[in-house]
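To keep things clear, I will list the structure first and then write my remarks on it.
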Amino acid sequence: MKKVAIIGSGSWGAALGIYLGNHGHEVRMWSYDEDEKNLINNKRKCVFLPQAIIPDGVICSSSFEEVLDGADIILHVTPSKFVRSTIKQYKHLVKPNQMLIMCSKGFEAETGYTLDQIMEEELPGIKTGILSGPSHAEEVSVGVPTLLVVASKDEEVRNVISDEFKSNTLRIYTSADVRGVELGGALKNIIAFCAGIAVGLELGDNSFAALATRGLVEINRLGTAMGGESKTFYGLSGLGDLIVTCGSVHSRNRKAGELIGRGYTIEEARKQIGMTIESVDNIDVAYMLAKKYNVEMPIVEKVYEVLYNGLSPKEAVNILMTREPKSE
């Protein structure tokens, strides 16, 4: 059993804490929010996971020193826009023998960096990895069988995470394709947002399936241009995560898109959902990266225009449908 520090007490951080605590690991969780910390410690509940009970062995603290001291493994689980600023607050406490695993998905807006690039820049020499795959917090927290993938350049990191975290409800595959696993998790949120728009417009199953399929093509195009392996995007962190995020009622990204399709503004959608919407925070980054790498991504281009240039969702669909035919 390992001592695990979890940086972030939102739904995914809490779900990982519940799972690891229930399987014998010693878990310390960091939260910036005093109310969340007190709810976890005193009521054994997470506001985002009303059906789940947090094990007594999971302790939440607002002190990085308390959470990181003696930890074997650090799981970073904050929204992508806070990854660098949060790492800067605790990086001086990270020891060479500790492993840092990024469990967030997204990009840094200011630089277009993937989250593994931020770890490399802020924590050179530390053993790092990426944990990704089709995994709604609501289901992991109550023991629904789940498959994930851990990616790292370090074989020890891959083997330790896969071996130590496995159980009859969680199976973890390994990969050396850090960039591919990272990009699959980040880009699928954007396609799920678009799938939500299709739902909001009541376009039907044909449109939904077509959008998800062609969305995967766009993920693969940009992902391989940025150094990922094509096969990775047809695995758990690509196709698997795309399926669950496009199709599930648990998906904040899909729900946000659905609200846009129904005529809500992005501000209204943010308010109704009440949690971070990674797709919205990253659509402009994906649009910029497509231009930078000279990759054709018509779905991403049109959803960017919907959010930032006033294009209506219905007109975006019409433009996509009337593009020049070409070979698949």
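Everything in the sequence shown is counted per the working numbering, starting at 214 for the first residue and increasing by one.
All residues carry an ideal CB built from backbone N, CA and C; glycine is no exception.
- Cβ-Cβ distances below 6 angstroms link ILE231 to ALA265, ILE267, SER354 in the same chain, with the five nearest sequence neighbours on each side left out; the list follows chain order.
- Taking the Cα of LYS527 as reference, the smallest distance to any Cα among GLY338, ILE490, ARG475, VAL513 is reached at ARG475.
- Cα atoms of GLY487 and VAL290: separation of roughly 17 angstroms, rounded to the nearest angstrom.
- Ranked by Cα distance from ILE456, the first of THR341, ALA322, LYS401 is LYS401.
- Pairwise C-beta distances place the segment 348 to 365 out of contact with the segment 512 to 523, as fewer than three of them are shorter than 8 angstroms.
- Linking ILE479 to CYS459 through their CA atoms gives a straight-line distance of about 18 angstroms.
- Listed in chain order, the alpha helix (DSSP H) elements of length 4 or more contained wholly in the segment 475 to 513 are 479 to 486, 491 to 505.
- Secondary structure remark: continuous alpha helix (DSSP H) runs of at least 4 residues inside the segment 228 to 313, in chain order: 247 to 251, 277 to 281, 296 to 303.
- Looking only at MET332, GLU321, GLY356, the smallest Cα-Cα distance to HIS236 is reached by GLY356.
- Counting of Cβ neighbours within 10 angstroms places VAL462 among the exposed residues, the total staying below 16.
- LYS215 sits away from ASP329, with the two beta carbons spaced by 8 angstroms or more.
- Apart from the 5 residues on each side of it in sequence, TRP225 sits with its Cβ closer than 7 angstroms to the Cβ of VAL290, CYS316, ALA350 in its chain, given in chain order.
- C-alpha of GLU491 to C-alpha of SER293: approximately 7 angstroms in a straight line.
- The C-beta distance from TYR386 to LEU449 rounds to 6 angstroms, short enough to fall under 8 angstroms.
- Distance between VAL513 and LEU429, taken at the CA atoms: about 11 angstroms.
- Between the C-alpha atoms of GLU509 and GLU239 there is a straight-line separation of about 46 angstroms.
- Judged by DSSP secondary structure, GLY428 falls within the alpha helix (DSSP H) whose first and last residues are 418 to 438.
- In the structure shown, the three-state DSSP call for ALA411 is helix.
- For GLY460, no beta strand (DSSP E) segment is defined; the enclosing uninterrupted segment is the alpha helix (DSSP H) at 454 to 460.
- Ranking TYR326, PRO337, LYS444, CYS407 by CA distance to the CA of LYS308 puts PRO337 first.
- The alpha carbon of VAL370 has as its nearest neighbour, out of ASP269, LYS379, GLY417, MET312, the alpha carbon of MET312.
- Contact check for PHE421 and GLY470: beta-carbon distance about 11 angstroms, past the 8 angstroms limit, so the pair fails to qualify.
- Residue state for LEU524 is assigned as coil, using DSSP reduced to three classes.
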